[in-house]
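The structure under discussion appears below in the form of structure tokens.
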Amino acid sequence: MTRFLPLAALALLCPAMAGAQTEPVGTRLSVDPAALPAPYATDSASNSPREVARPAGVLPAVPPGFAVQLFAEGFEHARWLAVAPDGAVFLAQPQAGTVTRLIDADGDGIAEGRSDFVTGLNLPHGLALHDGQLYIGDAYGVWRVAYDGGERAAAPVRITDDGAFGDPGGHWTRNIAFSRDGADLFVAIGSQGNIAEEALPRATIQRFAAGGGAGHSFATGLRNPVGLAVHPQTGALWTVVNERDGLGDELVPDYLAQVIEGAFYGWPYAYLGRPDPRLGGRRPELAAAMRRGEVLFRSHSAPLGLVFYDGGQFPADFKGDAFVALHGSWNAGRPRGYQVVRVKFDHGRPAADAYEVFASGFWQAGRDRASVWGRPCGLAVARDGALLVADDVANVIWRISYRGSL
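So the sequence shown is residues -20 to -1, 1 to 386, counted in mature numbering (1 follows the signal peptide of the UniProt record, and there is no 0).
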């Protein structure tokens, strides 16, 4: 049974659960903007999780009817995923500079074939397949390489102009997505710092022609947009954004947003229509015009992966819903996140400003400092409809399948 808990109620009524380990699978959460505290209501914390070994036999918890297995393990830095039309799974390993190709030839849910498809990149992260080509976003640009089902690629070619991404420092992920018609290539570029006025293209979604070249700012004011996905029913572009730090445990909520051309999303001047106390007076006209995200996540949850479910394996009511990987907090005195959540959609829009815990258990122990054996990152839907989850602490890929009745 789904539980609904506004996060303010969760913290007040269940302080042990609010501070010790993640909420149970099925818990439905929401953030009420009217209940948010004033800036600096709590001290800004530096509270990174303690990474521990996964206990033998322990798997992420998922709803009844679903099952989890290890699709592949033993990676150096398992971060981002994409699935080719032939079923091959590509994994970006930024610290290794590598994109790895994995094959489950016998269909048992375990990858038995593995090869380093592209090497020598600079923090590769974003992945997209389009018209027989694999596109890779790294710190310096988008690279393209032909994919014909082989184990290794020829040398990739950079298609974006030199300097199109700006300085590579700070938030370094460069995730990519093609428009539904394939004409446009979108790139998410985060800010260099936490709170400052920065030159474009930082803190933007950039739009390029599919062939690359120069980009232009499609949307601005997004502090650190990470996951980027096109809704399969509407063709609308969506992103998940890691908001600013330093204002206390419950500020500023992270969010899921539809990316609207020309829209400004607040950073660094405002959040949820409120001025940031550090820079809010500098551009009041921008602060007044800001667009807020459609779904708010608890502050510092760190949403990374975003995928819309378009497979045929899960029950029908999952079709078109969003899955989001909450990587987990470091800037909160009371930890939060470390889970995969589901955002229900109805006719291409979020059904409510709320989200539901779908996969948890990565947070093993610790009330004031989390001990975690896993942190979910990239998400993808496999060709057979299973959900794949990259985990950059356990350095594995999890496979979540549905085995119940439809």
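All C-beta atoms, glycine included, are put in the ideal place defined by N, C-alpha and C.
**Message:** Does Q293 come out as helix, strand or coil in the three-state DSSP assignment?
**Reply:** coil
**Reference V369; option with closest CA among R329, R316, H307 and G384** = H307
**Message:** Looking at V206: is its Cβ nearer than 8 Å to the Cβ of N174?
**Reply:** no
**Message:** Please list the terminal residues of the continuous beta strand (DSSP E) segment that includes A267.
**Reply:** Counting along the chain, A267 falls outside any beta strand (DSSP E), though it belongs to the alpha helix (DSSP H) covering P264 to A269.
**Message:** Strictly by DSSP, which residues pair up with D326?
**Reply:** R329
**Message:** Check for me: the beta strand (DSSP E) holding I116 runs from which residue to which?
**Reply:** Q113 to D118
**Asked** Among residues of its own chain, excluding the 5 on either side of T22, which ones have a beta-carbon nearer than 7 Å to its beta-carbon?
**Response** G228, D229 and G313
**Request:** Could you please give the first and the last residue of the uninterrupted beta strand (DSSP E) stretch that includes Q49?
**Result:** F46 to E53
**Prompt:** According to the neighbour-count rule (16 or more other Cβ atoms, all chains shown, within 10 Å of its Cβ), is V137 buried or exposed?
**Reply:** exposed
**Request:** Report the partner residues of Q319 according to the DSSP bridge assignment.
**Result:** L306
**Request:** Please report how far the alpha carbon of F288 lies from the alpha carbon of P17, in whole angstroms.
**Result:** 32 Å
**Message:** Within 10 Å of its beta-carbon, does T(-19) have 16 or more other beta-carbons around it, so buried, or fewer, so exposed?
**Reply:** Because T(-19) carries a pLDDT of 44, less than 50, the predicted location of this residue cannot be relied on, and the following value inherits that uncertainty. So T(-19) counts as exposed.
**Request:** Please check if any C-beta of chain C sits within less than 8 Å of the C-beta of V210.
**Result:** In the displayed structure, chain C is absent; only one protein chain is listed.
**Message:** So, for E265: in the same chain, excluding its five sequence neighbours on each side, which residues have a beta-carbon less than 7 Å away from its beta-carbon?
**Reply:** none
**Request:** Indicate the three-state DSSP secondary structure (helix, strand or coil) for G193 in the structure shown.
**Result:** strand
**Boundaries (first-last residue) of the beta strand (DSSP E) holding A163** = No beta strand (DSSP E) contains A163, which DSSP labels as neither H nor E.
**Item:** Test item: CB-CB of P13 and L252 under 8 Å
**Value:** yes
**Asked** In the structure shown, what three-state DSSP assignment does A(-1) receive?
**Response** Interpretation of A(-1) is limited by its pLDDT of 48, a score under 50 that renders its predicted location unreliable; the figure taken from the coordinates is listed afterwards. Three-state result, A(-1): coil.
**Message:** Here's a check: name, in chain order, each residue in its chain whose Cβ is nearer than 8 Å to the Cβ of G215, leaving out the five neighbours to either side.
**Reply:** S159, R160 and D161
**Request:** Report the residue from F70, G191 and F298 whose alpha carbon sits nearest the alpha carbon of P330.
**Result:** F298
**Message:** Quick check: what's the CA-CA separation for A332 versus T99?
**Reply:** 42 Å
**Message:** In the DSSP output, what is Y251 paired with across the bridge?
**Reply:** R254
**Asked** Should G130 go down as buried or exposed, given a rule of 16 or more other Cβ atoms within 10 Å for buried?
**Response** exposed
**Prompt:** So, using beta-carbon positions, are N222 and A282 closer together than 8 Å?
**Reply:** yes
**Message:** Please report the distance separating the alpha-carbon of V32 from that of S351.
**Reply:** 6 Å
**Message:** Between the alpha carbons of R379 and A72, how many angstroms are there, rounded?
**Reply:** 17 Å
**Asked** Would G285 pass as a contact of R34 if the rule is Cβ separation under 8 Å?
**Response** no
**Request:** Can you give me the Cβ contacts of G45 inside the same chain, cut-off strictly under 7 Å, excluding the 5 residues immediately before and after it?
**Result:** Y382, R383 and G384
**Message:** Short of 7 Å in beta carbon distance, which residues of its chain neighbour S197, apart from the five on each side in sequence? Order them along the chain.
**Reply:** L180, P181, T184 and Q186
**Item:** Host beta strand (DSSP E) of I90 (start-end)
**Value:** No beta strand (DSSP E) contains I90, which DSSP labels as neither H nor E.
**Message:** Which same chain residues end up closer than 8 Å to S26 when comparing Cβ atoms and leaving out the 5 residues on each side of it in sequence?
**Reply:** W310 and N311
**Request:** Would you kindly work out how many angstroms separate the C-alpha atoms of V376 and R81, rounded to a whole number?
**Result:** 14 Å
**Contacts around A144, its chain only, beta-carbon distance under 7 Å, and the 5 residues preceding and following it disregarded** = G121, A194 and G195
**Item:** V304 versus A209 - alpha carbon distance
**Value:** 11 Å
**Request:** Classify A216 as helix, strand or coil using the three-state DSSP reduction.
**Result:** coil
**Message:** Tell me which residues share the same chain as H57 and place their Cβ nearer than 8 Å to its Cβ, disregarding the 5 neighbours each side in the sequence.
**Reply:** Q73, P74, Q75, A76, D372 and N375
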